[in-house]
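Here the structure is laid out as structure tokens; the discussion comes afterwards.
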Amino acid sequence: MSTEEGLFQQYEGHFVPRSFNAGFVVLSFLVSFIGAISTLELINRRTSRNGFLNHVFLVGAAVTMGGISIWSMHFVGNQAIVLAQDQPELQIVYSSRFTIISFFLPIIVLLTAFIATGANSHVSYWRIGGGGTLAGGAICGMHYIGNASIDNYSCQYGLANVVGSAIIAVVASNAALSMFFLSRASWTNSWWKRGLSSIVLASAVSGMHWCASTGTNYRLLKLNTNNQFSRNTVVVVVTVLSFTAALIVAGVTAHGTWVSRSNASKARHVVLATAIFDSAGRILVSPDGLLLSEKITDTYIEKTPSDTFSIENPLFQWMFQASRNWNAMSGMITSMTTHLAHLPGNSRGRSVRLISENGQLIEHYDVIFRELFCLAAANLATRLKEQLPDVGVLWDDILPTGKDRQYYPNENLNTTCERGESMSINELQSGQGSLMFLVRRLEHSSDIEKFEAAGFRFADIHQVSSIIRSRMQIKTPNLTETLANMATYAEHTMMDSAVHLGFFGIRARVGGHGFDVLVERGARNLIPSSKLPLERLEPWHTEFLRLHDGLTAPSLQQQLRDTSKKRTRQEAEFASSLTDAISALRARIDNRRIFDEATLSCRTVQVPCRPRPGSNAEEECPMIVLHFVIPIHYSLHGPGYEFIPLSFFKVHQMVYKNSPYQAAFTQHLHRELVPTIKGMSAAAHKPNHQQVPLEQPRSWRSGVLRAARGLRARRNSDSCTVDAEGNPIPIKIGKSLSRNSTNQTSSTLRLWSREDSNIKNVSHDTLSEGSVGMHGKARTVSSLGGILVSQEIKVAISRVEETDARSVELERQSEDQGLPPPQHFAASSPKRDGHARNKTSTNNRIELESLGEARTNVDADGHIRQIMGLTAEASGSVNEVNTFVDELFSACFV
1 MSTEEGLFQQ YEGHFVPRSF NAGFVVLSFL VSFIGAISTL ELINRRTSRN
51 GFLNHVFLVG AAVTMGGISI WSMHFVGNQA IVLAQDQPEL QIVYSSRFTI
101 ISFFLPIIVL LTAFIATGAN SHVSYWRIGG GGTLAGGAIC GMHYIGNASI
151 DNYSCQYGLA NVVGSAIIAV VASNAALSMF FLSRASWTNS WWKRGLSSIV
201 LASAVSGMHW CASTGTNYRL LKLNTNNQFS RNTVVVVVTV LSFTAALIVA
251 GVTAHGTWVS RSNASKARHV VLATAIFDSA GRILVSPDGL LLSEKITDTY
301 IEKTPSDTFS IENPLFQWMF QASRNWNAMS GMITSMTTHL AHLPGNSRGR
351 SVRLISENGQ LIEHYDVIFR ELFCLAAANL ATRLKEQLPD VGVLWDDILP
401 TGKDRQYYPN ENLNTTCERG ESMSINELQS GQGSLMFLVR RLEHSSDIEK
451 FEAAGFRFAD IHQVSSIIRS RMQIKTPNLT ETLANMATYA EHTMMDSAVH
501 LGFFGIRARV GGHGFDVLVE RGARNLIPSS KLPLERLEPW HTEFLRLHDG
551 LTAPSLQQQL RDTSKKRTRQ EAEFASSLTD AISALRARID NRRIFDEATL
601 SCRTVQVPCR PRPGSNAEEE CPMIVLHFVI PIHYSLHGPG YEFIPLSFFK
651 VHQMVYKNSP YQAAFTQHLH RELVPTIKGM SAAAHKPNHQ QVPLEQPRSW
701 RSGVLRAARG LRARRNSDSC TVDAEGNPIP IKIGKSLSRN STNQTSSTLR
751 LWSREDSNIK NVSHDTLSEG SVGMHGKART VSSLGGILVS QEIKVAISRV
801 EETDARSVEL ERQSEDQGLP PPQHFAASSP KRDGHARNKT STNNRIELES
851 LGEARTNVDA DGHIRQIMGL TAEASGSVNE VNTFVDELFS ACFV
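Anchor point for the sequence shown: position 258 equals 258 in the UniProt record's numbering, and the numbering is continuous, going up by one each time.
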């Protein structure tokens with residue numbers, strides 16, 4: 001009798017004794033753990049019920065849980081069962097039909113379970129309970145269907161083990177899912193918490209399996225003839241599935257590491273991020289709790305020792321305006337991309353090199369920086385699957401980023417300098433990088449669902465602020481409050497449509513040029529104000545204010561409360577309302593020393609205000625102003641107010657919705673940016689053509705030589721206006737320009753030709769005709785593109801006043817007759833005495849002073865120039881328009 005026949009006769013119809021292999025027991029738990037942690041990672045990436053990617057995560061989670069954590073664990077665990085003396089003929093074999101059914105059944109049940117638990121951040125205990133119960137049922141169901149696939153044994157189960165294993169599966173599954181979803185909702189699901197939840201979930205599968213297996217007896221039906229679905233086949237399938245799960249875990253881990261390194265790298269650069277809020281104030285983040293961001297450039301390169309990238313920087317103010325005019329910018333993105341593609345990059349070719357090989361700034365540095373900002377915004381819009389006009393508006397502040405520099409305990413500044421690591425005070429206080437935000441507020445639920453379907457989540461600010469701050473290395477201490485201010489900022493705070501009493505307080509900037517203005521914290525476009533119960537001001541209101549012009553706030557209140565003065569009923573009501581408004585404004589500012597020195601201005605201004613209900617047109621409301629130039633030694637400590645640069649405050653007034661200034665900015669873009677971009681792109685596409693070399697920066701010596709030529713030309717012409725090169729300027733209106741004359745490419749556009757320089761003895765009276773405009777056809781002066789002239793051209797001719805008695809008398813007579821005063825030339829009339837030569841020399845020296853040294857310059861129209869802290873780049877766009885800020889600033893110095 002053969003061995004097989006002997007074994008069959010011995011165990012046929014009887015229970016075969018069993019034992020367990022400890023190695024396979026441990027292996028089965030590891031397989032279940034790999035499947036469980038892969039499942040939770042995929043569920044963590046699921047952000048909505050909609051979206052293709054979310055569906056992939058859902059199916060993937062069901063497969064990894066049902067196919068790996070449960071099914072694979074079951075068959076690896078059955079490998080640990082040793083029957084009899086481990087004879088091959090007595091070991092378990094499976095039928096293919098039930099084995100395949102046991103694979104797909106838990107996946108289908110778990111799909112239902114994960115759908116029941118939901119995908120949003122809201123925790124529903126009955127959903128979690130239902131999902132946990134279904135998951136426990138899937139574990140139990142797969143186990144017994146898997147045992148039903150055993151072809152050569154019939155299984156007998158103990159009732160206590162069946163009940164106990166079911167309880168273990170359901171309770172442990174509910175515990176694991178509750179732990180996971182609660183920590184996910186509170187954004188505290190760190191890797192160790194997800195690992196702990198995975199261990200609990202794997203324990204549910206393994207605990208159920210071994211509790212049931214210890215109560216299972218196997219009755220032999222037939223011997224293993226190797227014709228059934230072999231155990232080795234099952235092992236191959238389990239190995240492939242487990243390897244797939246391991247790849248998922250490794251991929252998620254690698255992605256997390258890459259994201260962390262990427263954010264750490266961005267913290268050293270100039271970065272643009274999105275801050276999108278829903279109607280409840282929750283912020284849009286990735287499944288990892290981070291904000292979407294794009295690098296603009298490696299670093300901002302200072303042009304001067306005092307140059308910093310801050311809100312008073314002209315580049316930032318330009319970007320601030322551009323983000324409110326994305327419709328005008330969207331058509332330029334392709335040209336910007338083409339232009340930047342032809343610029344030299346760094347060693348890795350990932351960014352534009354802003355410093356040339358000789359260590360100098362590249363040409364058109366400001367234009368390229370603006371292009372990089374626009375392309376970063378366009379990339380963010382692409383990643384958000386939005387159009388550029390919907391990406392958001394630039395927030396009015398910059399956050400420092402980067403790690404704090406570590407010092408040794410006994411290190412001082414001297415030892416630091418010896419190692420060549422000296423840093424300025426600004427570098428010590430600020431971060432290594434700069435972070436700007438595009439802010440947007442969503443009002444419609446469809447927009448929220450669209451972002452969630454795209455793979456993003458909305459979280460409460462206090463839950464993710466610590467994650468954002470640590471991962472993005474933001475150095476702002478209270479980031480929660482900062483993000484809350486952004487959420488409020490996205491609502492576009494504006495004044496109500498009514499009459500307001502405002503406090504316009506300016507202060508000279510310490511350590512720099514220009515002024516700062518007092519504004520409300522969290523609403524930097526508003527000065528402190530209180531509302532009066534009036535919709536508009538009548539002419540008699542203005543006359544009433546004129547009678548109290550120049551009074552300080554206490555004196556004004558005293559005059560308004562004086563009942564002995566004869567007033568009409570309307571005037572008495574207005575005086576009472578104005579008194580209450582002054583008291584309310586004093587309480588809000590909470591600094592009697594500063595407020596009591598403010599004086600009333602009889603000049604009312606029109607400020608932007610919130611449109612009336614049902615109207616989309618721009619609205620302006622009248623404001624009565626108390627103004628004061630705050631001394632620099634005055635301190636103002638208040639949680640509700642702060643100082644910002646006056647130039648930036650003016651920019652704020654030009655960017656509100658439907659502002660007429662937006663058209664002016666669009667024209668400025670076409671006038672300044674488009675020709676430069678197209679010109680540089682055209683030059684880059686034609687490397688073989690001979691190009692005119694760009695003019696080198698002018699030195700002070702060339703300025704002196706031009707001034708000397710101007711003096712010589714002045715001596716040869718009696719009273720003719722000349723340019724910097726000594727050519728007379730034709731100022732007779734209506735004279736056509738010669739087409740044959742040429743102008744060299746220069747930073748100054750000459751509106752006259754050399755052939756017209758033979759005009760002699762031009763009368764000063766002809767200057768009054770300059771306001772009419774220049775007629776005649778102009779010729780092309782540059783190959784870089786045309787210039788769009790939108791409104792008018794103002795030609796300012798600077799002259800130094802001669803202090804002799806004759807010029808003073810002429811000026812007085814002109815004023816008496818209502819004529820424009822005579823102009824005074826920078827190059828004065830030649831005189832033979834030494835005094836005149838010294839005077840001319842002094843005038844030329846003043847004329848050659850840099851603009852950065854100018855402290856005050858307010859023109860006749862009240863435009864603010866260098867006194868507001870503006871540079872040449874900003875004055876072309878900001879100061880082309882006149883806002884109420886100019887009027888208030890002028891009133892402070894009247």
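For glycine and all other residues, C-beta sits at the position ideal for the given N, C-alpha and C.
(request) Just confirm the distance between the C-beta atoms of A273 and F437, as a whole number of angstroms; I'd bet it's less than 8 Å. (result) 5 Å
(message) Between F24 and G77, how many whole angstroms is the CB-CB distance? I'm expecting something under 8 Å.
(response) 7 Å
(request) Report the three-state DSSP secondary structure of residue 898 (helix, strand or coil). (result) Past the edges of the chain, shown from 1 to 894, lies residue 898, and the structure says nothing about it.
(request) Report yes or no: do three or more beta-carbon pairs, one from the region 657-676 and one from the region 537-553, lie closer than 8 Å? (result) no
(request) Please classify R282: is it buried, with 16 or more other beta-carbons within 10 angstroms of its beta-carbon, or exposed? (result) buried
(message) With three or more C-beta pairs closer than 8 Å as the rule, is the region 623-640 touching the region 583-602?
(response) yes
(request) Write down the C-beta distance between V352 and T297 rounded to the nearest angstrom, noting that I regard them as a contact closer than 8 Å. (result) 7 Å
(request) Could you pull out every residue in the same chain whose Cβ sits closer than 8 Å to the Cβ of E41, ignoring the five residues on either side in sequence? (result) R194, I248, V249, V252
(request) Output yes or no for whether 8 Å exceeds the beta carbon distance between D151 and S72. (result) no
(request) Give the secondary structure of Y300 by DSSP, where H, G and I count as helix, E and B as strand, and everything else as coil. (result) coil
(request) Would you kindly work out how many angstroms separate the C-alpha atoms of T401 and D307, rounded to a whole number? (result) 18 Å
(message) Would F320 and F309 be called neighbours here (beta carbons separated by less than 8 Å)?
(response) no
(message) Quick check on the DSSP output: the beta strand (DSSP E) that includes Y634 runs from which residue to which?
(response) No beta strand (DSSP E) contains Y634, which DSSP labels as neither H nor E.
(request) My understanding is that S198 touches I37, with C-beta atoms under 8 Å, so please give their C-beta distance in whole angstroms. (result) 4 Å
(request) Put Y94 into one of helix, strand or coil per three-state DSSP. (result) strand
(message) Helix, strand or coil, according to DSSP, for C670 in the structure here?
(response) The question names Cys, yet the displayed sequence has His at residue 670. In the structure shown, H670 sits in a helix (DSSP, three-state: H, G or I).
(request) Would you check if the distance between the CB atom of G136 and the CB atom of V170 is smaller than 8 Å? (result) yes
(message) Any contact between the region 45-63 and the region 209-228? By contact I mean 3 or more CB pairs, one from each, below 8 Å.
(response) no
(message) Below 7 Å, is the gap between the Cβ of D298 and the nearest heavy atom of the ligand FMN?
(response) Questions concerning the ligand FMN fall outside what the structure shown contains, since it holds no ligand whatsoever.
(request) Express the C-alpha separation of R46 and A138 in angstroms, rounding to a whole number. (result) 21 Å
(request) Please confirm if the region 265-272 is in contact with the region 372-383, defined as three or more CB-CB distances below 8 Å between the two stretches. (result) yes
(request) May I ask which residues mark the beginning and end of the alpha helix (DSSP H) holding D886? (result) 884-892
(message) Using the Cβ count rule (16 or more neighbours within 10 Å means buried), how would you classify S615?
(response) exposed
(request) For my contact list, V464 and W187 are in at a C-beta cut-off of 8 Å; report their separation, rounded to the angstrom. (result) 5 Å
(request) Leaving out five residues on either side along the sequence, give the residues of the same chain with a beta carbon under 8 Å from the beta carbon of Q606. (result) E620, C621, P622, M623, F884
(message) Cutting at 6 Å between CB atoms, please list the residues of its own chain near A166, excluding the five before and the five after it.
(response) C140
(message) I'd like the span of the beta strand (DSSP E) that includes D288, first residue to last.
(response) No beta strand (DSSP E) holds D288; DSSP gives it neither H nor E.
(message) My output table needs one value for R383: the three-state DSSP class, helix, strand or coil.
(response) helix
(message) Taking only three categories from DSSP, how would you classify I398?
(response) coil
(message) Taking the alpha-carbon of L551 as reference, which of S323, L600, L177, I101 has the nearest alpha-carbon?
(response) L600
(message) Tell me the residue span of the beta strand (DSSP E) that contains G433.
(response) 433-441
(message) Tell me the DSSP secondary structure of H255 in three-state form.
(response) helix
(request) For residue 905, count neighbouring C-beta atoms within 10 Å of its own C-beta (all shown protein chains included) and say buried if the count is 16 or more, exposed if not. (result) Nothing about residue 905 can be read from this structure; the chain reaches only from 1 to 894.
(request) Check each candidate in L435, H255, L30 and name the one with the smallest Cα separation from L241. (result) L30
(message) Quick check on the DSSP output: the alpha helix (DSSP H) that includes N485 runs from which residue to which?
(response) 479-489
(request) Within the region 503-584, note down every full beta strand (DSSP E) run reaching 3 residues or more, in order along the chain. (result) 515-520, 529-531
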